[in-house]
Amino acid sequence: MTDRRRFLTAMGAGLIVVEAWPALADTPAFQISSLALYLPNQAMVERGPSAKDLIAYIDALKDRANAILAQAQGRTGASGSLVVGLKPPAQSRLWVVMADKSRKAEFVTLLKAPLEGVQAPTVVGLNAFAINFNAWGGAQPPVSPTYPIPDEWLEVMRRGGGGMLPDSPMKAVWPD
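With our numbering applied, the sequence shown covers 732 to 907.
Quick look at the structure:
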């Protein structure tokens, strides 16, 4: 039995206790579990966006992702990360990292283009952050809550002998 089902438990001399857990329909299709900022605070402040603009942008991404995934309900729970890159003046690019790598194509198809269509905040330098998420209730194991690195970034870093996150891989995979 899962914690999302209603179940009966017999207790003592015939006493029945009904446990009502939230139905899956009550759970948002897209939930943010954590955020990872790839730059130190000073670099974030210097490159932008402002905290207010970043929060508004993350909220817009969350709302769009939830609307998209809510229409695709009935799928198996998944956990992953949306790595979002920002570059001047107000451009965005999105990479998907999944705990279950076999699900990456599904989430790229569902989320990449629509979320890249959300108006990015203005920045004056490269910036990146990750939105660690659970879709349709999530799955085990989740993606590491530290710094998920997209496969495309890893490949560039392997070929180039390393580099500094997020600048080196972003410049290589997303040139001007």
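Backbone N, C-alpha and C define an ideal beta-carbon position, used for all residues, glycine too.
Distance between beta carbons of residue j and residue i, contact taken as under 8 Å
i: Ala870; j: Asp831; result: 7 Å
i: Val849; j: Leu792; result: 6 Å
i: Pro819; j: Val776; result: 15 Å between Cβ atoms; not a contact.
Residue from the options with nearest C-alpha to residue i
i: Glu847; options: Pro897, Leu896, Ala796 and Ala803; result: Ala796
i: Ile862; options: Met829, Arg806, Arg778 and Val904; result: Met829
i: Asp907; options: Ala821, Ala836 and Gly891; result: Ala821
i: Lys843; options: Ser833, Ser823 and Val854; result: Ser823
i: Glu837; options: Gly811, Lys818, Val849 and Glu777; result: Gly811
i: Val814; options: Gly894, Ala782, Phe864 and Ala791; result: Phe864
i: Gly805; options: Leu896, Trp867 and Pro881; result: Trp867
i: Val827; options: Ala903, Lys818, Leu896 and Ile880; result: Ile880
i: Asn877; options: Pro780, Trp905 and Leu896; result: Going by the sequence as given, residue 877 is Thr instead of Asn. With distances taken between Cα atoms, Thr877 lies closest to Leu896.
i: Thr758; options: Asp784, Lys835, Gly808 and Arg778; result: Gly808
Per DSSP, cross-strand counterpart(s) of residue i
i: Ile862; result: Leu766 and Leu813
i: Trp826; result: Val814
i: Phe761; result: Ala866
Pairwise C-alpha distance: residue j and residue i
i: Leu766; j: Asn858; result: 14 Å
i: Ile763; j: Ala798; result: 14 Å
i: Pro845; j: Asp794; result: 11 Å
i: Ala851; j: Gly892; result: 31 Å
i: Pro771; j: Asp882; result: 23 Å
i: Ala754; j: Asp790; result: Below a pLDDT of 50, predicted positions are generally treated as unreliable, and Ala754, at 45, falls in that range; the measurement from the model is reported next regardless. Whole-angstrom Cα-Cα distance: 24 Å.
i: Met742; j: Ala803; result: The predicted model places Met742 with a pLDDT of 34, which falls under 50 and marks its position as unreliable, so this point remains unresolved.
i: Gly894; j: Leu817; result: 18 Å
i: Leu909; j: Leu825; result: Lying outside 732 to 907, the shown extent of the chain, residue 909 is not represented and no answer is given.
i: Ala782; j: Trp884; result: 26 Å
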